[in-house]
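Reminder that position 124 of the sequence shown reads as 124 in our numbering, one-by-one numbering, no gaps.
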Amino acid sequence: MNKKIIIVLALVVVIGGGFMAAKVLSNNDKKSDKPKITFKENIVFIKNQKSFSEVDENNEVIVENLPVILPNDIIIEKESHYDEISFNKIGTKDTPMTLEFNFIDTSSVGENFTGTLYVRLKDTVEEVPFTYSVIEKTTR
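Quick look at the structure:
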């Protein structure tokens with residue numbers, strides 16, 4: 001009789017443990033469907049630095065004095081998980097892409113400006129705000 005009780009309890013523990021493990025694994029899969037972005041600390045841009053490239057009348061890219069701001073410049077790649085990032089809205093199969101362009105405003109010097117980064121992983125798109133500062137260009 002005692003052996004039957006021990007066997008039944010052992011089976012309950014093993015089956016219960018299996019269900020718990022399956023639940024934890026399924027929750028981890030759900031979390032991995034969401035994009036994850038880790039921003040660099042102290043994001044700083046130079047006054048009048050652009051987050052886009054311009055072209056001239058011959059459709060050639062105008063070379064700027066300052067490097068173009070790219071989304072990859074403000075994140076830590078190794079700690080981030082995404083398929084696509086952009087300063088512009090990202091379309092999905094449910095929401096088509098728009099021609100709305102969002103630029104990083106660097107026209108004024110100051111701190112605590114807010115920008116938005118659009119991040120996609122699979123079919124999930126999120127808007128992630130970030131804070132940045134703008135400084136005057138220093139010459140050395």
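Glycine is no exception: its CB is placed at the ideal position from the N, C-alpha and C atoms.
Asked                                                                                                              : Found
Simplified DSSP assignment, three categories, for Glu-77                                                           : helix
DSSP three-state assignment for Val-14, whether helix, strand or coil                                              : helix
DSSP-derived helix/strand/coil call for Asn-42                                                                     : coil
Counted within 10 angstroms of its Cβ, other Cβ atoms place Gly-18 as buried (16 or more) or exposed               : exposed
Option in Ile-46, Thr-124, His-81 with minimal Cα separation from Leu-66                                           : Ile-46
Whole-angstrom distance between Met-20 and Ile-7, CA atom to CA atom                                               : 20 Å
Residue-level contact to chain B via CB, Val-109, 8 Å cutoff                                                       : This model lacks chain B altogether; it includes just one protein chain.
Own chain partners of Glu-127 with C-beta closer than 7 Å, once the 5 adjacent residues on each side are dropped   : Thr-116, Tyr-118
Straight-line gap, Ser-53 to Asp-33 (C-alpha atoms, nearest Å)                                                     : 32 Å
Nearest-angstrom Cα separation, counted from Val-14 out to Ile-5                                                   : 14 Å
Spatial neighbours of Asp-123 in its chain, beta-carbon cut-off 7 Å, leaving aside the 5 residues before and after : Thr-92, Lys-93
Classification of Ile-85 by the beta-carbon crowding that lies within 10 angstroms, buried from 16 upward          : buried
N- and C-terminal bounds of the beta strand (DSSP E) containing Asn-112                                            : 110–121
Endpoints, the beta strand (DSSP E) within which Ile-69 is located                                                 : Per DSSP, Ile-69 belongs to no beta strand (DSSP E) and is neither H nor E.
Three-state class that DSSP yields for Ile-90 in the structure shown                                               : coil
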